[in-house]
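Respectively, the protein sequence lines represent chains W and U. Here the numbering used here is used: position 86 in the first sequence is 86, and no number is missing along the way. Here the numbering used here is used: position 58 in the second sequence is 58, and no number is missing along the way. The beta carbon of each residue, even a glycine, is placed where N, CA and C say it ideally should be. Small disclaimer: the values here were computed from a predicted structure and weren't measured. These notes are about the structure you will find just below.
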Amino acid sequence: MIMKTIMVKDKIGEFCITAKDGERLHRLIMDACARNLAVTVDYSGVTRYATPFFNYSYGRLRQHRISRRNNRMVLSINLSPVGKALLRQVEENAKRRYKNGFVIMMYRINELLALIRCRKIR
Amino acid sequence: MIESVGDEKGLENRVLGGEINMLTLRIPTIDLSEGSFRYLCSITQLAMSSDDSIVWDFRECRFLWPNAICTIGGLIIHRGKMGIQDTLLVDSMSNDILTYLSVNGFLQQFKLVSRPISKNTIPFSWFPIFEETRLNIYLTEHVFGQKWMKFSELAMQNLVCRTLEIFLNVYEHSDSRIGATCCGQHMPKANLVVFSVVDFGIGIPGRVRESRIKRGTDEKLISWALEDSHSTMNNPFDTVSRGLGLGLIKSLVKENKGELRIISNRAMYSNVKGNEECRLIDPPFWGTIFVLKLVCDNRLYVMSGE
Numbered sequence: 001m002i003m004k005t006i007m008v009k010d011k012i013g014e015f016c017i018t019a020k021d022g023e024r025l026h027r028l029i030m031d032a033c034a035r036n037l038a039v040t041v042d043y044s045g046v047t048r049y050a051t052p053f054f055n056y057s058y059g060r061l062r063q064h065r066i067s068r069r070n071n072r073m074v075l076s077i078n079l080s081p082v083g084k085a086l087l088r089q090v091e092e093n094a095k096r097r098y099k100n101g102f103v104i105m106m107y108r109i110n111e112l113l114a115l116i117r118c119r120k121i122r
Numbered sequence: 001m002i003e004s005v006g007d008e009k010g011l012e013n014r015v016l017g018g019e020i021n022m023l024t025l026r027i028p029t030i031d032l033s034e035g036s037f038r039y040l041c042s043i044t045q046l047a048m049s050s051d052d053s054i055v056w057d058f059r060e061c062r063f064l065w066p067n068a069i070c071t072i073g074g075l076i077i078h079r080g081k082m083g084i085q086d087t088l089l090v091d092s093m094s095n096d097i098l099t100y101l102s103v104n105g106f107l108q109q110f111k112l113v114s115r116p117i118s119k120n121t122i123p124f125s126w127f128p129i130f131e132e133t134r135l136n137i138y139l140t141e142h143v144f145g146q147k148w149m150k151f152s153e154l155a156m157q158n159l160v161c162r163t164l165e166i167f168l169n170v171y172e173h174s175d176s177r178i179g180a181t182c183c184g185q186h187m188p189k190a191n192l193v194v195f196s197v198v199d200f201g202i203g204i205p206g207r208v209r210e211s212r213i214k215r216g217t218d219e220k221l222i223s224w225a226l227e228d229s230h231s232t233m234n235n236p237f238d239t240v241s242r243g244l245g246l247g248l249i250k251s252l253v254k255e256n257k258g259e260l261r262i263i264s265n266r267a268m269y270s271n272v273k274g275n276e277e278c279r280l281i282d283p284p285f286w287g288t289i290f291v292l293k294l295v296c297d298n299r300l301y302v303m304s305g306e
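So this is what it looks like as structure tokens:
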């Protein structure tokens, strides 16, 4: 499998704080996953982290499902101990949330509605 | 000239000549006691609901803690945005107060002195929007990078990242028109740092009530918001997990034997060395006051991996 490395400092910057930046990283990861590439996210040079960034980049149901389906996690490297601890908490929080069958059901309904809307537009 | 004295201690209302309405607020010494927080709630309510110009009089004040400086500064900024010009009576300040407010940037904010801000204080700052670079410099250099702190890079990163969660809470949830004001104070004898962040938004219980739980007292709603995984933005259609920010601040004070106080709407939450207490406060605060009290002992902030 071909490996794709995302250098966070180049793509996002030194601060991984906001939801907006987390969303940007999430899109980069999803693009690589869609092309069936193995993803390594390299955090060299990143000095500040906060939960909204990780919530939007890793705490997403879609990513959670893709990781589980493909039986591999997106590999995060060179995170500082502070970043590692935060990411671990965000992932555990996501696991707790997506254990809830109701959330999964709502997600599927949402996906279905989006598909119907797409067909209507075509 | 009509002159009347209000019910609240220190609140004096003067109506001059029937044209320019002036309200004089005599500020007493304000610390971290419950009475002081009540006083801040009262003046906030008054300042936010009055169109009169306020004269801020400090002749009865001996000291102001960061919670008071942030609240008063924020109120003047907030009222300035609404087009109301207030007066800060610099002449009424004792020498100690005058020196303190002119080295910590408070008087500079309102262009009342031109003296440079001292590097040995945690200055009064106003962040109208979330500016990550400016905020990071403020927290790294002026709050946790002071000579009395001497943290390792990793411990500093941990403190800055967790404190950022307070600011993120303001910009993501509060809808505060002026963003946030903040300021701190080093207490060398007690070896403590007190740091406060204030906003005048909807408040934590207000936000929970608006988006999640319609019924419940403010103390119950703030306790709910402080639990891990509880977020006002989590709804069944939402596919992003959230709700860790306030819990991280709670764990910071628990791990480091510090204190956290949150006054928001009618709720007053305190966490002293991990012991939590939450009760109602009256009158309510129209926004949120965060007060962090941290011990300046480097040994408490050693991270695993160091």
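- Query: Got a sec? Which residues, its chain only, sit under 7 angstroms from Gln45/U by beta carbon, not counting five neighbours each side?
  - Reply: Pro283, Trp286
- With DSSP run on the structure shown, which of helix, strand or coil describes Asn120/U? coil
- Where Glu8/U sits in the DSSP three-state scheme: Unreliable positioning characterises Glu8/U in this predicted model, as indicated by a pLDDT of 40, which lies under 50. The coordinate reading is nonetheless provided below. Coil at Glu8/U, not helix or strand.
- Message: On the CB-based measure, 16 or more other CB atoms within 10 Å of its CB, does Ile12/W come out buried or exposed?
- Response: buried
- Query: For Leu25/U, which of helix, strand or coil comes out of DSSP?
  - Reply: strand
- C-beta atoms of Lys9/W and Gly45/W nearer than 8 angstroms: yes
- Query: So what does DSSP say about Ala50/W, is it helix, strand or coil?
  - Reply: coil
- Message: By the three-class DSSP mapping on this structure, what secondary structure does Tyr43/W have?
- Response: coil
- Output the residue ranges of the alpha helix (DSSP H) runs that lie fully inside the stretch 186–256 of chain U and measure 4 residues or longer, sorted by chain position. 204–211, 218–225, 245–255
- Query: Given that a residue counts as buried once 16 or more other Cβ atoms are within 10 Å of its Cβ, and exposed if not, what is Arg119/W?
  - Reply: exposed
- Proximal residues to Leu113/W (C-beta, below 7 angstroms), its chain only, five neighbours per side dropped: none
- Message: Using 8 angstroms as the threshold, is the C-beta distance between Leu23/U and Ile54/U below it?
- Response: yes
- Determine the contact status of Ile117/U and Val143/U, defining contact as a CB-CB distance below 8 angstroms. no
- Which runs of the alpha helix (DSSP H), 4 residues or longer, sit entirely within the stretch 110–169 of chain U? 132–137, 153–169
- Task: Find the residues of chain U that neighbour Ala94/W, judging by a C-beta separation of less than 8 angstroms, and give them in chain order.
- Result: Ser241
- Sub-8 angstroms separation of Tyr269/U and Ile213/U beta-carbons: no
- Within 10 angstroms of the Cβ of Gly74/U, are there 16 or more other Cβ atoms? Answer buried if so, exposed if not. buried
- Under the three-state reduction of DSSP, which class applies to Cys123/W: helix, strand or coil? This structure cannot settle anything about residue 123/W, because the visible part of chain W is limited to 1 through 122.
- From the DSSP output, in three-state form, read off Thr18/W for me. coil
- Task: Have a look at His230/U, Cys296/U, Tyr171/U, Met82/U and flag the residue whose alpha-carbon is nearest the alpha-carbon of Thr288/U.
- Result: Tyr171/U
- Message: With a threshold of 8 angstroms between beta carbons, is Asp7/U in contact with chain W?
- Response: Reliability of the predicted coordinates at Asp7/U is poor, the pLDDT of 36 falling under 50, and the value obtained from them is presented with this limitation in mind. With 8 angstroms as the cut-off, Asp7/U does not count as an interface residue toward chain W.
- Task: Classify Phe195/U as buried or exposed, calling it buried when 16 or more other Cβ atoms lie within 10 Å of its own Cβ.
- Result: buried
- Query: Between Glu165/U and chain W, is there a C-beta pair that is closer than 8 angstroms?
  - Reply: yes
- Where Arg78/W meets chain U, residues with beta-carbon distance less than 8 angstroms: The sequence given here has Asn at residue 78/W, not Arg. Going along chain U, no residue has its Cβ under 8 angstroms from Asn78/W, so there is no contact; the nearest lies around 13 angstroms.
- So with Cβ pairs under 8 angstroms, would you call Val160/U a contact of chain W? yes
- Neighbour list for Asn21/U in chain W, Cβ cutoff strictly below 8 angstroms: Going along chain W, no residue has its Cβ under 8 angstroms from Asn21/U, so there is no contact; the nearest lies around 42 angstroms.
- Query: Nearest CA to the CA of Leu168/U: which residue from Ser211/U, Pro188/U, Arg242/U, Val193/U?
  - Reply: Arg242/U
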